[in-house]
Amino acid sequence: MTPPNQPLRADAQRNRDAVLAAAIGMLGTRPDASMQEIAAASGVGRTTVYRHFPTREDLVRALFGRAIEEQRAIVTAAVAEGGSAAAVLRRLGPEIVRVGERFRFLDAHRDLSVAGPWKDPDPQEPLLAWITAAQDRGELERGLPPDWTYAMVHALAVAANDQALTGRRTPDEAGRLLAETLVRSFLARP
Numbered sequence: 001m002t003p004p005n006q007p008l009r010a011d012a013q014r015n016r017d018a019v020l021a022a023a024i025g026m027l028g029t030r031p032d033a034s035m036q037e038i039a040a041a042s043g044v045g046r047t048t049v050y051r052h053f054p055t056r057e058d059l060v061r062a063l064f065g066r067a068i069e070e071q072r073a074i075v076t077a078a079v080a081e082g083g084s085a086a087a088v089l090r091r092l093g094p095e096i097v098r099v100g101e102r103f104r105f106l107d108a109h110r111d112l113s114v115a116g117p118w119k120d121p122d123p124q125e126p127l128l129a130w131i132t133a134a135q136d137r138g139e140l141e142r143g144l145p146p147d148w149t150y151a152m153v154h155a156l157a158v159a160a161n162d163q164a165l166t167g168r169r170t171p172d173e174a175g176r177l178l179a180e181t182l183v184r185s186f187l188a189r190p
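Take 1 as the starting number for the sequence shown in the UniProt record's numbering and just add one per residue.
Laid out in structure tokens, this is it:
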């Protein structure tokens with residue numbers, strides 16, 4: 001396994017990305033797929049898979065990392081599109097649920113997600129930075145600490161994804177309801 005702070009060679013990065021993409025595809029439909037099956041689907045050898053991910057837990061942790069990267073990307077895109085805080089929150093709800101749907105197989109491994117940014121977020125974490133700025137502009141409720149609002153958005157996102165996972169709501173409905181819940185919960189009152 002490559003040390004965490006050492007960048008991968010370009011070919012090694014392509015192999016790692018291929019394994020992660022194959023794992024997302026396979027585990028989404030077959031959560032019990034073996035490392036050998038993931039290797040075959042990725043087009044790299046089993047030894048290459050194990051070089052990057054010595055254990056299944058290492059692979060799952062990397063998949064949590066990929067899910068976090070995707071969540072950061074959707075926050076960055078929603079904020080970059082501009083508009084009011086309500087518009088940003090309404091864009092975020094459905095997108096958050098889409099990412100949750102894509103990584104739904106990780107629900108069985110929540111015990112491995114202990115190091116997520118929601119536990120002790122860096123102030124530059126895209127969602128936390130946006131929340132702080134929106135509160136400073138008076139668009140979001142100022143009576144709640146930004147890190148609390150950040151944690152509650154995460155908790156509501158997990159709950160919305162649970163609703164979709166259990167079939168109580170369709171992913172589209174869960175995303176729409178999450179967006180409205182975020183708006184009604186955190187938007188500043190006139």
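Each residue gets a CB set at the ideal place from its N, CA and C atoms; glycine is no exception.
Would you identify the three-state DSSP class for residue i, choosing helix, strand or coil?
i, result
"Leu-89", "helix"
"Leu-59", "helix"
"Thr-2", "Residue confidence is low: Thr-2 scores 49 on pLDDT, short of 50, so the model does not pin down where it sits. Its coordinate-derived value is still stated next. In the structure shown, Thr-2 sits in coil (DSSP, three-state: anything other than H, G, I, E or B)."
Could you check if residue i is buried or exposed, using at least 16 other CB atoms within 10 Å of its CB as the buried criterion?
i, result
"Trp-148", "exposed"
"Gly-167", "exposed"
"Thr-2", "With a pLDDT of 49 at Thr-2, under the threshold of 50, the predicted position of this residue should be treated as unreliable, though the coordinate-derived value follows. Classification for Thr-2: exposed."
Could you tell me whether the Cβ atoms of residue i and residue j are closer together than 8 Å?
i, j, result
"Ala-62", "Gly-43", "no"
"Glu-95", "Ile-74", "yes"
"Pro-126", "Val-79", "yes"
"Thr-181", "Leu-165", "no"
"Gly-93", "Leu-178", "yes"
"Ala-77", "Glu-139", "no"
"Arg-91", "Val-183", "no"
Give the single residue among the options whose Cα lies nearest to the Cα of residue i.
i, options, result
"Val-99", "Glu-57, Arg-72, Val-183 and Asp-11", "Arg-72"
"Ile-131", "Gly-175, Val-88 and Gln-36", "Val-88"
"Phe-186", "Arg-142, Pro-7, Gly-167 and Ala-174", "Arg-142"
"Gln-36", "Gly-45, Thr-29, Phe-105 and Gly-28", "Gly-45"
"Ala-12", "Ala-33, Val-158, Tyr-50 and Arg-189", "Tyr-50"
Please list the terminal residues of the continuous alpha helix (DSSP H) segment that includes residue i.
i, result
"Glu-139", "Here Glu-139 belongs to no alpha helix (DSSP H), and DSSP marks it neither H nor E."
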